[in-house]
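Reviewing the structure listed below.
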Amino acid sequence: MRTIKAFNLSPLHVEEDFGFLKQFHDEAVTLRGGSGGDSESPDEIADEVNPVLDGQISAFETKLDAFDEALKSSSSLPSTALATDADVERDSAWRGANAYVKAMTEHPDVATATAAMEVKRLFDTYGDPTSLAQTEESGVLHNLIQDLKALDAEKARLLALTPWINNLENKEKAFKEAAQKRTDEKSRVIVGVVKQCRSEADNAYRQLVSTVNALCLIEGEEKYTTFIDHVNVMIDERKTILRTRSTINAKKNKTDMPAQ
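The working numbering numbers the first residue of the sequence shown as 364 and each following residue consecutively.
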């Protein structure tokens with residue numbers, strides 16, 4: 364029998380959790396849509412929706428709306444804008460350094476071009492971090508900066524790389540300071556509200572999942588198959604993100620360990 368997979372929402376970042384719940388809601392409302400025939404009246408469509416399921420969807424919508432409002436209030440804090448600006452600055456620093464190193468791979472001096480190719484491989488190994496969640500981006504940039512600073516001094520000299528490394532490191536430091544201020548302000552002003560609303564929305568999600576799984580057993584899975592398949596794909600995608608984040612953090616922690 365098809366069922367929606369178990370999924371622990373708590374490891375997700377707050378915004379990630381909301382995004383997942385919003386996408387889940389977009390799928391859930393399709394369960395109210397009847398079979399979609401043009402001949403169906405609103406009353407006929409309503410008769411096809413299990414009233415318990417309909418009530419659970421409505422309850423979930425109420426909690427999701429409250430979660431949304433709490434996040435909107437949180438995002439209006441002054442420190443949020445500062446952190447966003449700092450994030451844009453570090454993205455620009457990474458893009459500039461990456462573009463510079465790529466251009467240097469075409470340098471007419473063979474030694475310089477060879478050194479640039481080695482450095483470009485470092486950038487390519489870590490990939491473009493600017494599309495990642497902010498915390499993930501910090502983890503990637505930390506490791507990249509450490510590897511760049513560990514380059515042979517002669518290679519760094521050939522490429523005149525030090526100003527680019529320093530700029531990237533300074534922009535990352537500025538973002539972390541701004542992000543800390545944002546965290547401090549949120550914790551003082553509204554984090555309790557967001558936490559409560561998130562918890563209630565997560566609980567409403569779990570209740571709706573349990574209802575759908577139970578209805579599959581009672582009514583049969585046919586009319587829930589597409590919904591369940593879509594939600595399980597969403598869950599698998601989030602689990603992949605969490606596994607990747609765990610790997611990055613483990614590497615960062617290993618790098619941060621003092622030498623024995």
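The beta-carbon is built from N, C-alpha and C at its ideal position, and this holds for glycine as well.
Residue j beta carbon less than 8 Å from that of residue i
i	j	result
Glu-424	His-388	yes
Lys-518	Glu-469	no
Met-364	Cys-560	no
Leu-427	Leu-394	no
Leu-384	Ala-564	yes
Lys-368	Ile-508	no
Ala-449	Phe-370	no
Thr-366	Ile-591	yes
Lys-534	Arg-453	yes
Ile-611	Gly-502	yes
Tyr-587	Val-596	no
Leu-531	Asp-510	no
Ala-479	Leu-445	no
Gln-386	Leu-571	no
Simplified DSSP assignment, three categories, for residue i
i	result
Ile-367	coil
Glu-469	coil
Pro-374	coil
Leu-440	coil
Asp-491	coil
Val-482	helix
Gly-396	coil
Asn-595	helix
Asn-612	helix
Asn-506	helix
Ala-496	coil
Val-412	coil
Ala-513	coil
Euclidean distance between Cα positions of residue i and residue j
i	j	result
Glu-585	His-593	14 Å
Lys-435	Ala-516	48 Å
Ile-528	Gly-459	11 Å
Thr-443	Ala-542	8 Å
Lys-558	Met-467	48 Å
Tyr-463	Thr-475	13 Å
Ser-566	Trp-457	Before going on, a small fix: residue 566 reads as Asn here, not Ser. Straight-line Cα distance between these residues: approximately 40 Å.
Glu-432	Gly-555	13 Å
Ser-373	Glu-390	21 Å
Lys-614	Glu-411	52 Å
Glu-500	Glu-582	46 Å
Phe-381	Asp-472	52 Å
Asp-487	Lys-536	22 Å
Glu-600	Glu-379	12 Å
Glu-506	Ala-422	It is worth fixing the name first, because residue 506 is Asn in this sequence and not Glu. One C-alpha to the other measures close to 44 Å.
Gly-490	Thr-525	21 Å
Ser-437	Lys-465	39 Å
Ser-550	Lys-544	10 Å
Glu-548	Leu-495	23 Å
Glu-540	Ser-573	42 Å
Thr-477	Ser-609	33 Å
Ser-562	Pro-414	25 Å
Lys-602	Arg-520	43 Å
Residue i beta carbon near the ligand NAP (any heavy atom closer than 7 Å)
i	result
Tyr-489	In terms of ligand content, the structure shown is empty, and the ligand NAP therefore cannot be addressed.
Could you name each continuous alpha helix (DSSP H) segment of 4 residues or more that falls completely within the segment 515 to 591, going from the start of the chain to the end? 516 to 522, 525 to 552 and 554 to 582
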